[in-house]
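A.B. asks: Numbering of the sequence shown is given in our numbering, commencing with residue 1 and proceeding in unit increments.
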Amino acid sequence: SIPTYASELTNELLKKDGKVQAKNSFSGVSYWLVKNKIEIFYPGPGHTQDNVVVWLPEKKILF
Numbered sequence: 001s002i003p004t005y006a007s008e009l010t011n012e013l014l015k016k017d018g019k020v021q022a023k024n025s026f027s028g029v030s031y032w033l034v035k036n037k038i039e040i041f042y043p044g045p046g047h048t049q050d051n052v053v054v055w056l057p058e059k060k061i062l063f
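Given below as structure tokens:
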């Protein structure tokens, strides 16, 4: 029972394809994960239609 997260767009695409959706969805930009802030950006479609990137400002990591 691991919590799963996906963007609202990802869950919409999963539903459209008849696949299992994530239990939790996000639509905002900034979140706090334990003690660290994370920022999620949707720069538009890239390799996938629901492309997102995540920035960890305190660690200066982008993925």
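In this text, a Cβ means the ideal position worked out from N, Cα and C, and glycines have one as well.
Under the three-state reduction of DSSP, which class applies to E58: helix, strand or coil?
C.D. replies: Here residue 58 corresponds to residue number 58 of the sequence shown, with the count starting at 1. Residue state, collapsed to three classes: coil.
A.B. asks: Would you report the Cα separation of G28 and E8, rounded to the nearest angstrom?
C.D. replies: Translated into the one-based positions of the sequence shown, residue 28 becomes position 28. Translated into the one-based positions of the sequence shown, residue 8 becomes position 8. Cα to Cα, G28 sits roughly 10 Å from E8.
A.B. asks: Would you mind sorting T4 into buried or exposed? The rule is 16 or more other CB atoms within 10 Å of its CB.
C.D. replies: As a position in the sequence shown, residue 4 is number 4, starting the count at 1. Exposed is the call here.
A.B. asks: For a quick check, are the C-beta atoms of A6 and S30 less than 8 Å apart?
C.D. replies: Here residue 6 refers to the residue found at position 6 when the sequence shown is read from its first residue. Here residue 30 refers to the residue found at position 30 when the sequence shown is read from its first residue. For A6 and S30, no; Cβs fall outside 8 Å.
A.B. asks: Measure the beta-carbon distance from Q49 to L14 and round it to whole angstroms, keeping in mind my assumption that it falls under 8 Å.
C.D. replies: Residue 49 sits at position 49 when you count from the first residue of the sequence shown. Residue 14 sits at position 14 when you count from the first residue of the sequence shown. About 12 Å separates the two Cβ atoms, so there is no contact after all.
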